[in-house]
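*Asks:*
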Amino acid sequence: MRVAVLGAGYAGLTLARKLEQTLPDSVSLVVVDEQTEHLVQHELHRVVRRPSLAEEITVDLDGVLDCEIRQATVTDVDPDAGVATLDGSETLSYDVGAVCLGARTAFYGLPGVREHATPLKRLDDAHVIRERFHGLSDGDRVVVGGAGLSGVQVAGELAEMREDSDIEVLLLEQEDAVAPAFPASFQSAVHDALVDAGVTVRTGTGVAEADADVITLTDGSDLTMDQFVWTGGIEGSPALDADRPVVRADLRLGESTFAVGDAARVVDSDGEAVPASAAAAIREARVAADNIGTLVERLQGSSGEFQPRLTQYQFNVPGWLVSVGDDAVAKVGPSVLTGRAALALKTTVGAGYLGTVGAVQNAVDLVSEELDLTGEVENE
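To convert a position in the sequence shown, counted from 1, into this note's numbering, add 16.
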C-alpha cells in the first residue's frame with residue numbers, strides 16, 4: 017500500500033513527519049516536491065534585508081524525512097482515481113494521498129503586473145527585490161501591491177533598508193485597511209507600526225494595470241514608481257487548474273485524497289472559511305494525518321465494511337503575528353503586543369516550527385540571528 021504526500025510546504029512536511037510516526041511498516045510513504053528543500057515562507061521577507069538568513073530558513077528534505085522523496089513537479093491530480101501526473105508524463109498511483117501543493121501568486125490578469133512586478137514566493141524573488149532596491153536613488157519610489165501579511169512584512173523590510181535616503185516605500189491596498197482579513201485591533205496596530213517605520217500607506221484603491229514606470233489605479237489615477245513588488249493574492253496550483261477547491265472539515269477532496277493547506281479553501285467544522293496561513297496549514301495537516309491513518313486501516317481490512325468516521329478540522333489559532341521592519345505586532349487572545357515582546361514571540365514561533373519538523377540547528381541559528389544573540393554568546 018502506498019500513501020503519497022504531494023508537496024512539502026508547511027502542510028506537506030508536517031503531514032509527512034506525522035505519517036512517518038503513525039503509519040504501519042507495511043505502508044510505503046512517498047513525498048513529491050519540485051524542490052529538494054523546504055522553505056520557511058513566513059520568514060522569507062527577512063532575506064530581502066538580511067540574505068544570510070536564507071540558510072536558516074531552508075531545510076533539506078532528506079535531512080528531516082526518512083521516506084521516499086521524489087523531486088518532480090506535480091502537473092495533474094485525479095483525486096478520485098488516486099493518480100498524480102509528474103513532470104507532465106510520469107504517473108504516480110496511490111492508495112491514499114494528500115494534495116499539499118500550496119498556492120501561487122495571483123496576478124488576476126491585470127495588464128502588465130506579471131511582467132513588471134516581482135512576487136515574493138521564492139528565495140530568488142527576495143534576492144531580486146533586494147538587488148533592485150539597492151539600485152534606487154533618492155526620491156525614487158517602490159510600491160508594494162497588497163497589504164496582507166506578506167506585503168506588510170516586505171514593506172517593513174524595505175523601509176528599514178533605506179538608511180538615510182529619501183526613497184519612498186508605498187504600501188497599496190484595495191480594501192479599506194491593511195491586513196484586511198484580520199481583526200480591527202490588529203489592523204490598527206499594524207497600520208501604526210507601518211507609519212512609524214516610515215511606510216506610506218494607501219488603502220481603498222487597487223491596481224488596474226502597470227507598465228515599467230506607472231501603475232494605473234482602480235480609481236483612475238496614475239502612480240509613478242521605480243520598483244514594483246506584488247503580494248496581491250494567491251491562486252491554486254497549476255496541477256489543480258489554478259483552482260483552490262473547497263473542502264469540508266474532514267479535508268476530503270476525493271474518495272481517498274485529501275487537500276491540505278493553501279492548496280484548498282477549507283471550511284471548518286463550524287462552517288467558517290479558514291484563512292490561508294501557515295498556522296492553519298500546520299493544524300490541518302495533523303487532522304489529515306489522523307484521517308489518512310483511518311483510511312489506511314479501513315483499506316487494510318481492520319475496520320470492517322462501515323464508512324470510516326473522520327476527524328473534523330476546527331479553525332482555532334491562538335493569535336496572529338507580523339513583523340514590520342525592526343518592530344512586530346502580535347495579537348494573542350484579546351491583547352495586542354508590539355515591540356521587542358512581539359518580535360521575540362514571532363522568532364519563538366518560527367524556531368518552534370523548525371524544531372517540530374526536525375530542523376533543530378536551523379531553529380537555534382534563527383533565534384541567534386533574529387535576536388542578535390550571537391555576539392552575546394561569544395562574549396560569555
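The beta carbon of each residue, even a glycine, is placed where N, CA and C say it ideally should be.
A quick note: this is a predicted structure, and the numbers were derived from the prediction, not measured.
1. Measure the alpha-carbon distance for Q429 versus A265 and round it to whole angstroms.
2. When the Cα atoms are used, what is the spatial distance from L326 to V312?
3. Quick check on DSSP: helix, strand or coil for V393?
4. Restricting to Cα atoms, I'd like to know which of Q323, V144, P199, A197 is closest to L174.
5. Whose C-beta lies closer than 7 Å to the C-beta of D182 among residues of the same chain, with five residues either side of it excluded?
6. CB of T134 to nearest heavy atom of the ligand ATP: below 7 Å?
7. Can you tell me which of E225, Y110, V245, R148 puts its alpha carbon nearest to the alpha carbon of G236?
8. Determine the contact status of T234 and D192, defining contact as a CB-CB distance below 8 Å.
9. Could you check whether V19 and D111 sit closer than 8 Å to each other, using their CB atoms as the reference points?
10. Along the chain, which unbroken stretches of the beta strand (DSSP E) at least 3 residues long are found entirely within the stretch 212-267?
11. Going by C-alpha distance, which of A258, D284, V99, Q203 is nearest L267?
12. Buried or exposed for P95, please, with buried defined as at least 16 other CB atoms from any protein chain shown within 10 angstroms of its CB.
13. Would the stretch 24-40 count as touching the stretch 274-284 if we require 3 or more Cβ pairs under 8 Å?
14. Considering Cα atoms alone, identify which of P254, A228, A367 is closest to G128.
15. Starting from T38, trace the alpha helix (DSSP H) both ways and give me its first and last residue.
16. Straight-line CA distance for H58 to V43?
17. What are the start and end residues of the alpha helix (DSSP H) that includes F149?
18. Could you name the residues that DSSP lists as bridge partners for K347?
19. Using the rule of at least 16 other Cβ atoms within 10 Å of the residue's Cβ for burial, across every protein chain shown, is G355 buried or exposed?
20. Within 10 Å of its beta-carbon, does Y124 have 16 or more other beta-carbons around it, so buried, or fewer, so exposed?
21. Drop a sphere of 10 angstroms on the beta-carbon of Q243, count the other beta-carbons inside from all chains shown, and report buried for 16 or more, exposed for fewer.
22. Is the stretch 333-342 touching the stretch 164-179 in the sense that three or more CB pairs, one from each, lie closer than 8 Å?
23. Below 8 Å between beta carbons: does that hold for E385 and S105?
24. With a CB to CB cut of under 8 Å and the five nearest residues on each side skipped, what residues in its chain are close to A357?
25. If V63 and A142 are in contact, beta carbons under 8 Å, what's the gap, nearest whole angstrom?
26. Cα separation between T89 and S351?
27. The alpha helix (DSSP H) that contains V19, what's its start and end?
28. Round the Cβ separation of G23 and L117 to the nearest angstrom and send it over; I've been treating them as touching at under 8 Å.
29. By DSSP, does G125 sit in helix, in strand, or in coil?
30. CB-CB under 6 Å to E394, same chain, minus the five flanking residues each way: which ones, in chain order?
31. Where does Q57 fall in DSSP's three states?
32. Which same chain residues, not among the five before or five after L108, have their C-beta less than 8 Å away from its C-beta?
33. Please name the residue or residues paired with F198 in a DSSP beta bridge.
34. Excluding five sequence neighbours on each side, which residues of the same chain lie with their C-beta closer than 8 Å to the C-beta of A200?
35. Using CA coordinates, which residue listed in E288, G248, G287, L370 is at the minimum distance from V126?
36. Could you give the DSSP three-state label for Q203: helix, strand or coil?
*Replies:* Taking the coordinates as given:
1. With the chain covering only 17 through 396, there is no way to say anything about residue 429.
2. Translated into the one-based positions of the sequence shown, residue 326 becomes position 310. Translated into the one-based positions of the sequence shown, residue 312 becomes position 296. Straight-line Cα distance between these residues: approximately 12 Å.
3. Locating residue 393 in the sequence shown gives position 377, counting from the first residue. Because the pLDDT at V393 is just 31, under 50, the model does not fix this residue reliably, and the point stays unresolved.
4. Position 158 of the sequence shown, counted from the start, is the residue given in the question as residue 174. Comparing Cα positions, the closest option is V144.
5. Along the sequence shown, read from residue 1 onward, the residue named residue 182 stands at position 166. Here the set comprises D154, G155.
6. Annotation note on the ligand ATP: not contained in the displayed structure, which lists no ligands.
7. For the purposes of this step, residue 236 is taken as residue 220 along the sequence shown, with counting starting at 1. The shortest Cα separation from G236 among E225, Y110, V245, R148 belongs to E225.
8. Mapped onto the sequence shown, residue 234 falls at position 218. Mapped onto the sequence shown, residue 192 falls at position 176. Their beta carbons are not under 8 Å apart, which means T234 does not touch D192 by this criterion.
9. Taking the sequence shown and counting its residues from 1, one reaches residue 111 at position 95. Taking the sequence shown and counting its residues from 1, one reaches residue 19 at position 3. The answer is yes: Cβ separation under 8 Å.
10. 216-219, 223-226, 230-233, 238-240, 243-246, 250-252
11. Within the sequence shown, residue 267 is the residue found at index 251, counting from 1. Selected option, being the one with the closest Cα: D284.
12. Taking the sequence shown and counting its residues from 1, one reaches residue 95 at position 79. Result: buried.
13. yes
14. The residue labelled residue 128 in the question sits at position 112 within the sequence shown. The shortest Cα separation from G128 among P254, A228, A367 belongs to A228.
15. Stepping through the sequence shown from its first residue, residue 38 is reached at position 22. First-last of the alpha helix (DSSP H) with T38: 26-38.
16. In the sequence shown, residue 58 corresponds to position 42, counting from 1. In the sequence shown, residue 43 corresponds to position 27, counting from 1. So the alpha carbons of these two residues sit roughly 33 Å apart.
17. In the sequence shown, residue 149 corresponds to position 133, counting from 1. Segment 139-150, the alpha helix (DSSP H) holding F149.
18. Residue 347 sits at position 331 when you count from the first residue of the sequence shown. According to DSSP, K347 bridges with W336, V352.
19. Indexing the sequence shown from 1 puts residue 355 at position 339. G355 should be labelled exposed.
20. Counting from one through the sequence shown, the residue named residue 124 turns up at place 108. When all chains shown are included, Y124 counts as exposed.
21. Position 227 of the sequence shown, counted from the first residue, corresponds to residue 243. Classification for Q243: buried.
22. yes
23. The residue labelled residue 385 in the question sits at position 369 within the sequence shown. The residue labelled residue 105 in the question sits at position 89 within the sequence shown. No, Cβ-Cβ distance for E385 and S105 is not below 8 Å.
24. Counted from its first residue, the sequence shown places residue 357 at position 341. So the list reads A346, once near-sequence residues are dropped.
25. By one-based count along the sequence shown, residue 63 stands at place 47. By one-based count along the sequence shown, residue 142 stands at place 126. V63 to A142, Cβ: 4 Å. Contact.
26. Position 73 of the sequence shown, counting from 1, holds the residue named residue 89. Position 335 of the sequence shown, counting from 1, holds the residue named residue 351. So the two alpha carbons sit approximately 42 Å from each other.
27. The residue you call residue 19 lines up with position 3 of the sequence shown. Careful: V19 lies outside any alpha helix (DSSP H), inside the beta strand (DSSP E) at 18-22.
28. Stepping through the sequence shown from its first residue, residue 23 is reached at position 7. Stepping through the sequence shown from its first residue, residue 117 is reached at position 101. Rounded, the Cβ-Cβ distance is 4 Å, consistent with contact.
29. The residue labelled residue 125 in the question sits at position 109 within the sequence shown. Three-state result, G125: coil.
30. On the sequence shown, position 378 is the one that residue 394 refers to. The predicted model places E394 with a pLDDT of 34, which falls under 50 and marks its position as unreliable; any figure quoted below should be read in that light. Excluding sequence neighbours, E394 sits near nothing in its chain.
31. Position 41 of the sequence shown, counted from the start, is the residue given in the question as residue 57. In this structure, Q57 counts as helix in the three-state DSSP scheme.
32. As a first step, residue 108 is located in the sequence shown; it is residue number 92 there, counting from the start. So the list reads A20, V46, V48, R86, V99, A100, T101, L102, once near-sequence residues are dropped.
33. For the purposes of this step, residue 198 is taken as the residue at position 182 of the sequence shown. Note: F198 sits in no beta bridge, so no partner.
34. Counting from 1 along the sequence shown, the entry for residue 200 is found at position 184. Within the same chain, A200 has close Cβ partners A193.
35. Position 110 of the sequence shown, counting from 1, holds the residue named residue 126. In the sequence as displayed, the identity of residue 126 is Leu instead of Val. The shortest C-alpha separation from L126 is found at G248.
36. Numbered from 1 along the sequence shown, position 187 holds the residue referred to as residue 203. Helix at Q203.
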